[in-house]
Structure formats: structure tokens, C-alpha cells
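Here's the structure, in C-alpha cells; my notes come after.
Here you go:
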């Protein structure tokens, strides 16, 4: 049988990071290819206790189909832990933050759409965006973050700027406060939406985390977060905080993709994170 593939399939490529990570399954290999947390940090005992409690007290509901938006207590928890006023109805629980990139691409990118990214940027984002056939434009950056002058030159007609302000992948740099202020102000004046990807934002230890770009202009940004770096990547739990105008379409794209993120995992995380677990 000869199968005719869609033209967009030709734009799809294997994840370079995932291919390299296969090597980590071999004994004695330590890979610096991806952002793998140390498995020694995974709260296995806490997860075991949470699993037992969820199954014992609410097992039938935990194993049933769940709401596409996400488990309400988890959405409330996400809204409460972020440093600006958020209605939990703005929170969409995703199957990892990578799914968030895929949903954003589906609802914001048409063939030929201009999308701005930092130089360099996260390969996983490019993998999510590319099947939608955008015109990806690289914006220069330096040790402080995105070059504002270069951004201004390229901003006209762009659908959004994708940026990782904290411990950027792959450079590891964090955007300076002065550059955050300039970026937020400039993007707002240009009418340029920002997709703020912040999977590493809770990894500040010596100083409090900087205020997210989204907190400075909630209506002009989509915020992405993840539990992969703070709890465990195998949970495949992430989230989006989206403006009211975008949320319904993101939800519809989520429904079409996988109906909902596993409800059991969501309930287990809520149980684990009770009583300030992450603060400890």
C-alpha cells in the first residue's frame, strides 16, 4: 500500500535532543545534551505516599477521564504559586511543556507567518513550530538577553516572540532586569506578543526569581511552566497561562490532541505539593 503523506509531514524532523538522549540508557554515559535532572533528586518516597493516598481516597475518579482544562485543584495551585494575580480559569494543564509549544503553534502560526526567536534558541520549540511552516526569524542576543534594537528591526508583522528569560536553553544565561524591562516595554509598544517559556524559573536559590515578563503585561503574553525540573520529568506535566482571548482555542487544540493530561498524575502532584513541599 502506498501512503500519500501531507506536505507538512515533510517539515517534521526527529528531535535531535531525544535522539541523543537514547544514548543515556547505556551504562556509564553522562549526557549534557538535554536538561535532565538528577534522578537522585526525584521525591520517590513522597510520590509513593501520594499514589497510595490518591488510590485509597479517590482512586475511581483518578482513573476516570478528566477535564481537558486540568484538575481544578492543580490549576488553583499553579495560579497561587505565580507572582501575579491569575484567575485559575486562565491555567491550562498540558502533557509537558512541549505540548504547550505544539498547541501554541497550532493556533498562532499559519504557513509563512513570521515568528521571532532568540539566537540561539530551544531546539524543541523549533521542532514544534516548523510543521506549521512559519518564517522563523532569529533575533540577536547578548549576555543580557534579547537585543532590543535588533528585535525592533524584525518585529513588524511577527505573530510572536518566543523567549526563555531564565537559564536559557541552550546558553544557560538569564536575562538582566534592565533587559526584561526594556523587552516588556518595547514589545507592548510594538504590539508584539510574547511566548514566555519558563521551565527553569524555580531554580533560583541565592536570590528571588525575577518578575516574569507575563506579570508585566499579562494580556500580551502566554506563560509556560513545567513540573519536569522541580518534581520529575516522567510525570509529563506542564501548564500554560493564557489571555482570555486565546484560551478557548488552546483548549480546543488540547482536546483534539489528547483529550486531557493524565488525571492520576495531576492528583498525585497536588497531593505531593500540599503543605509547601517545594519550599522544603
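Residue numbers (this note's numbering): 93 to 372. C-beta atoms are modelled at their ideal positions from N, C-alpha and C, and glycine is treated no differently.
I need the straight-line Cα distance from residue 167 to residue 93, nearest angstrom please. Looking at the two C-alpha atoms, the distance is approximately 46 Å.
Beta-bridge pairing of residue 250 - partner residues as DSSP gives them
Partner(s): 206.
- Smallest Cα separation from residue 349: which of 254, 156, 364 and 195? Nearest option by C-alpha distance: 195.
- Query: If you draw a straight line from the alpha carbon of residue 296 to that of residue 230, how long is it in whole angstroms?
  - Reply: If you draw a straight line from the Cα of residue 296 to the Cα of residue 230, it comes to about 27 Å.
Can you give, in chain order, each stretch of the beta strand (DSSP E) that sits fully within the region 224-302 and has at least 3 residues? Those beta strand (DSSP E) runs which fall completely within the region 224-302 and span 3+ residues are 227-231, 250-255 and 286-289.
How far does the alpha helix (DSSP H) with residue 200 in it extend, from its first residue to its last? From DSSP, the alpha helix (DSSP H) with residue 200 extends over 189-200.
Handout entry: Coil, strand or helix - residue 213 by DSSP
Key = Looking at residue 213 - three-state DSSP - the assignment turns out to be coil, as it is neither helix nor strand.
(message) On the DSSP letters alone, give me the boundaries of the alpha helix (DSSP H) that residue 330 sits inside.
(response) From DSSP, residue 330 is part of no alpha helix (DSSP H) but of the beta strand (DSSP E) over 330-333.
Among 173, 321, 364 and 290, nearest to residue 132 - alpha-carbon criterion: Comparing Cα-Cα distances from residue 132 to each of 173, 321, 364 and 290, the minimum goes to 321.
If you compare alpha carbons, which of 318, 223 and 340 is closest to residue 129? Selected option, being the one with the closest Cα: 318.
With distances taken from CA atoms, which of 225, 359 and 310 is nearest residue 102? It is 225 whose Cα lies nearest to the Cα of residue 102.
Review point. How long is the line joining the alpha carbons of residue 292 and residue 148, rounded to whole angstroms?
Key: When rounded, the distance between both Cα atoms is 33 Å.
Next item on the list: Express the C-alpha separation of residue 329 and residue 118 in angstroms, rounding to a whole number.
Entry: So the alpha carbons of these two residues sit roughly 26 Å apart.
Please report how far the alpha carbon of residue 366 lies from the alpha carbon of residue 145, in whole angstroms. In this structure, the alpha-carbon of residue 366 lies about 13 Å from that of residue 145.
Q: Determine the contact status of residue 303 and residue 253, defining contact as a CB-CB distance below 7 Å.
A: The Cβ atoms of residue 303 and residue 253 lie no closer than 7 Å to each other.
- request: Just list the alpha helix (DSSP H) runs in the region 130-189, keeping only unbroken ones of 4 residues or longer that don't cross its boundaries, in chain order.
  value: Every alpha helix (DSSP H) stretch that sits fully inside the region 130-189 and reaches 4 residues is listed by chain position as 136-154 and 164-173.
### Task
Quickly, what does DSSP pair residue 317 with across the bridge? List them, please.
Note: residue 317 sits in a beta bridge opposite 331.
Original post:
What residue does the alpha helix (DSSP H) around residue 350 start on, and which one ends it?
Top reply: Unbroken alpha helix (DSSP H) run through residue 350: 339-350.
* Asked: What residues in its chain sit with their C-beta under 8 Å from that of residue 249, if we drop five residues either side in the sequence?
  -> 206.
Q. Hey, how far is the Cα of residue 315 from the Cα of residue 286?
A. When rounded, the separation of the alpha-carbon atoms in residue 315 and residue 286 is 8 Å.
Open item on the list: For residue 193, which residues in the same chain have their Cβ closer than 7 Å to its Cβ, ignoring the five residues on either side in sequence?
Closed with: Contacts found: 216, 217 and 220.
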